[in-house]
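Colleague:
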Amino acid sequence: MESRLPLFHLIVAAGASQQPRPSPAPPNSPNFPPSLIDNGRLLTHKRVDDEDAAPSLADGNDKDPNGMFSQLSSLYLTSLLLPMDFGCTLLTFNLSLLIFFLSYPSVSESNQFCDVGIGDGHSTCRFSTKSLSKILIKGGTVVNAHHEEVADVYVEDDIIVAVKPHINVGDDVTVIDAAGKFVMPGGIDPHVHLAMDFMGTQSIDDFFSGQAAALAGGTTMHIDFVLPVDGSLMAGFESYEKKSRNSCMDYGFHMAVTKWDETVSKEMEIMVQEKGINSFKFFLAYKGSFMISDELLLQAFKKCKSLGALAMVHAENGDAVYEGQKRMIELGITGPEGHALSRPPVLEGEATARAIRLAEFVNTPLYVVHVMSIDAMEEVAKARKSGLRVIGETVVSALVLDDSWLWHPDFSIAAKYVMSPPIRASGHNKALQAALSMGVLQLVGTDHCTFNSTQKAFGIDDFRKIPNGVNGIEERMHIVWDTMVESGQISVTDYVRVTSTECARIFNIYPRKGAILAGSDADIIVFNPNSSVEISAKSHHSKSDTNVYEGRRVKGKVEVTIAGGRIVWQNDELKVVPGSGKYIEMPPFGYLFEGMDKAEASYLSSLRAPVKRSKSTT
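Numbering (the numbering used here), first residue to last: 3 to 620.
#1: Going by DSSP, what residue range makes up the beta strand (DSSP E) through ALA153?
#2: Just grab the DSSP bridge partners of PHE209 for me.
#3: Determine the direct distance from the alpha carbon of MET251 to that of ARG43, and round the result to whole angstroms.
#4: Kindly identify the DSSP beta-bridge partner or partners of GLU395.
#5: Using a threshold of 8 Å, state whether the C-beta atoms of SER399 and THR548 are closer than that.
#6: Would you call LYS183 buried or exposed, if buried means 16 or more other Cβ atoms sit within 10 Å of its Cβ?
#7: Mind checking whether ILE527 and GLY254 have CB atoms under 8 Å apart?
#8: Do MET374 and ARG329 have their beta-carbon atoms positioned less than 8 Å apart in this structure?
#9: Can you tell me whether DSSP reads LYS289 as helix, strand or coil?
#10: Could you name the residues of the same chain whose beta carbon sits closer than 6 Å to that of VAL397, not counting the 5 residues immediately before and after it, in chain order?
#11: Give me, in chain order, the residues of the same chain whose beta-carbon lies closer than 6 Å to that of GLN327; leave out the 5 immediate sequence neighbours on both sides.
#12: Can you grab the Cα-Cα spacing for the pair GLY141 / ASP179, in whole Å?
#13: Quick check: the Cα distance between MET198 and ASN146, rounded to an integer number of angstroms?
#14: Is it the case that the Cβ atoms of LEU286 and ALA353 are separated by a distance below 8 Å?
#15: Just to confirm the assignment, what range does the alpha helix (DSSP H) spanning GLN327 have?
#16: For the segment 340-410, list the alpha helix (DSSP H) runs that are entirely contained and at least 4 residues long, ordered along the chain.
#17: When DSSP labels each residue in this structure, what does LYS166 get in the three-state scheme?
#18: Measuring only the C-alpha atoms, how far is ALA517 from VAL157?
#19: Using a Cβ-Cβ cutoff of less than 6 Å, which residues in the same chain neighbour ALA218 once the five nearest sequence positions on both sides are dropped?
#20: Which two residues bound the contiguous beta strand (DSSP E) that contains GLY429?
#21: Measure the beta-carbon distance from THR366 to PHE303 and round it to whole angstroms, keeping in mind my assumption that it falls under 8 Å.
#22: Do you know offhand how far LEU408's Cα is from VAL420's?
#23: To which residues of the same chain is SER211 closer than 6 Å at the C-beta, ignoring the five residues directly before and after it?
#24: Once you ignore the five residues that flank SER608 on each side, which residues in its own chain have a CB closer than 6 Å to its CB?
#25: Less than 8 Å between the beta carbons of ILE225 and HIS195, yes or no?
#26: Taking the straight line between their C-alpha atoms, what separation do you get for ASP207 and ARG478?
#27: Please classify ARG615 as buried or exposed, where buried requires at least 16 neighbouring CB atoms within 10 angstroms.
#28: CA-CA distance, LEU138 and GLU504?
#29: How is GLY254 classed by DSSP in three states: helix, strand or coil?
#30: Let me know if LEU434 comes out buried or exposed under the rule of 16 or more other beta-carbons within 10 Å of its beta-carbon.
#31: Can you tell me the Cα-Cα spacing of MET314 and SER291, whole angstroms?
#32: With a cut-off of 8 Å on the beta carbons, I'd call PRO185 and VAL144 a contact; round off their distance for me.
#33: Assuming contact is defined by CB atoms lying nearer than 8 Å, are GLU395 and VAL364 in contact in what I supplied?
#34: Excluding sequence positions up to five away, which residues of its chain have a Cβ less than 8 Å from the Cβ of ILE162?
#35: So which of GLY172, ASN319, ASP464 has the shortest CA-CA distance to SER135?
#36: Using a Cβ-Cβ cutoff of less than 6 Å, which residues in the same chain neighbour ASP54 once the five nearest sequence positions on both sides are dropped?
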């Protein structure tokens, strides 16, 4: 192990500071077989021998929730408890809550329901005046990122109407008993690749199967990465609009930028101003395909700054990785272990440092995706300590796995762990856990990008041809709880922050998402901390035939998932319909941009230039 900065030792020493909370244990629940699809609709997820299993068909609605605007005062007061980052004042934040309600679309606008035929490429949208649902979640511990309390949560249609103790309701309301359990915002996964065209194939999970898996695991929204088509952002966006027609939960888009010219610059404006995209991803890796140069990166950073869009980077030194790959092949190392050996942590650290410095030079916020190593984490830590607006995202695989699997003698087992940046040697995972607990890293995604065994076998003679990607969208909420909360490294409120709220804040959709507050979307989970789940490819909902967390038993279980006001997961039954998900537009100029104009003015005043000089007359 190479030497590390003292900062890392401070992080480790400060970890594991809080103990998990005990709660009453619920009855154990059995595992159920994978979902069945018939005639383009997902059947109720029950045992195969359950003869009364029937399709679950949802309706739309065009009713406004009763009393939504009457909740403004209580929401305003609740917001005073929220933490502020980067100089965000209470006044600014509270005004943003008011603006959220004043600009919030009517329920009829946000709840259109699409009945999609799987595989036929067509979608028919319809509306219904029938109420979607009335749900009371009773007696649970309601947890937000800033506060927890024992309270009831009342939902009408797809909106949380009230959060307070002892709510009385009529007989037409579905009541969920949450006594002794946690009631939390549904998870938001910031990093997912569904139906992604990559390395000569397409990731096996589409928007329906991937989102169904997410809902079974307590995630109620994800943000996917749109890839340009022949460099065109607009063509890429249109492609992903088609791919997402069978969505069964809410989703948003990041946009990747893989080249730079005036057309791309104009298309970035369209994406932000018309398409609801407020973040752009730039690859410093994948030479010859996605990778862009520092020159182009600087131009793109400047454009992001002007648009109020968040710049994101995949940080590995692509030129060095290319050399590393050639070196491994020359040494006769062609198996999955060559993948990790060709792109060591130092290359991730170098690219992370470079991206941070270039973003500092332009004076724009930066989001570093999938921090996998101590090297990259320490660069994020140094930047944040110096006051730079840098976000560090880690992923579940980085927190709990190590690279020993890549040396497994069975190729099919070793290959399923290939992703980029690679899963690192033992020790990196513990360091990343400590960094997450200390706030050096702000949130946890998955980089869910699944390929089955047949696809992974494309690289059986050359690790460079193994499609990169692992699963995690269904497992994330359970593994983060087991790894971070059960171990005492983070609190229950921190758990909500790193799995939901911080993502919503960063991408400017809070408090519509990421909160259990009156007026927020009804994306909710009921979590039993004393139950447990065993992870297996035999029982998961992904289309993949493998699972990198195979056999892992984790403490804590999502017992109920409510998405858009519908109960979609309960009693180990999954009830979702393709086409029911909504595209969530994410506005620019999120909290990371607050005060940037003052920083710019401070920079200009510090230059003490230009110097006025008299011209010589001689």
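Heads up, the beta-carbon is just placed ideally off N, CA and C, and yes, glycines get one too. Model, not experiment: these values are computed from the prediction.
Modeller: Taking the geometry as given:
#1: Run containing ALA153: 150-158, per the beta strand (DSSP E) assignment.
#2: DSSP lists no partner for PHE209.
#3: With a pLDDT of only 32 at ARG43, under 50, the local geometry of the prediction cannot be trusted, and the value read off the model is given with reservation. Answer to the nearest angstrom: the Cα atoms are 15 Å apart.
#4: Partner(s): LEU445.
#5: No, these two residues do not count as a Cβ contact at 8 Å.
#6: Of the other Cβ atoms in all chains shown, 16 or more fall within 10 Å of the Cβ of LYS183; this residue is therefore buried.
#7: Against a cut-off of 8 Å, the Cβ pair of GLY254 and ILE527 comes out as no contact.
#8: No; because the gap between Cβ atoms is not below 8 Å, this pair is not in contact.
#9: Correct three-state label for LYS289: coil.
#10: The answer, listed in chain order, is HIS372, GLY447, THR448, ASP449.
#11: Correct list, in chain order: SER344, ARG466.
#12: Looking at the two C-alpha atoms, the distance is approximately 7 Å.
#13: When the Cα atoms are used, MET198 and ASN146 turn out to be separated by approximately 33 Å.
#14: Yes.
#15: GLN327 -> alpha helix (DSSP H) spans 320-332.
#16: List check, alpha helix (DSSP H) in window: 347-364, 376-387, 398-402.
#17: Secondary structure at LYS166: strand, using DSSP grouped into helix, strand and coil.
#18: When the Cα atoms are used, ALA517 and VAL157 turn out to be separated by approximately 13 Å.
#19: Excluding sequence neighbours, ALA218 sits near GLU476, HIS543, TRP571, LEU576.
#20: Premise fails: GLY429 is in no beta strand (DSSP E) and is neither H nor E.
#21: Between PHE303 and THR366 the Cβ distance is about 5 Å, and since that is below 8 Å, they are a contact.
#22: When rounded, the distance between both Cα atoms is 7 Å.
#23: Within the same chain, and ignoring the five residues on either side of SER211 in sequence, the residues whose Cβ sits closer than 6 Å to its Cβ are LYS545.
#24: Correct list: empty, nothing qualifies.
#25: No, these two residues do not count as a Cβ contact at 8 Å.
#26: Spanning the two alpha carbons is a distance of roughly 16 Å.
#27: So ARG615 counts as exposed.
#28: In a straight line, the C-alpha of LEU138 is about 26 Å away from that of GLU504.
#29: Of the three classes helix, strand and coil, the one that applies to GLY254 here is strand, per DSSP.
#30: The residue in question, LEU434, is buried, as its Cβ has 16 or more Cβ neighbours within 10 Å.
#31: Between the alpha carbons of MET314 and SER291 lies a distance of about 17 Å.
#32: The residue you asked about is not Pro; residue 185 is Val in the sequence shown. Cβ-Cβ separation between VAL185 and VAL144: approximately 5 Å, consistent with a contact (criterion under 8 Å).
#33: Taking 8 Å as the Cβ cut-off, GLU395 and VAL364 do not qualify as a contacting pair.
#34: Hits under 8 Å: VAL155, TYR156, ILE518, LEU519, ALA520, GLY521, SER522, ASP523, ALA524, ILE526.
#35: Closest in C-alpha terms to SER135, from the list GLY172, ASN319, ASP464, comes GLY172.
#36: Since pLDDT at ASP54 reaches only 35, below the 50 mark, its modelled position is unreliable, and no value is offered.
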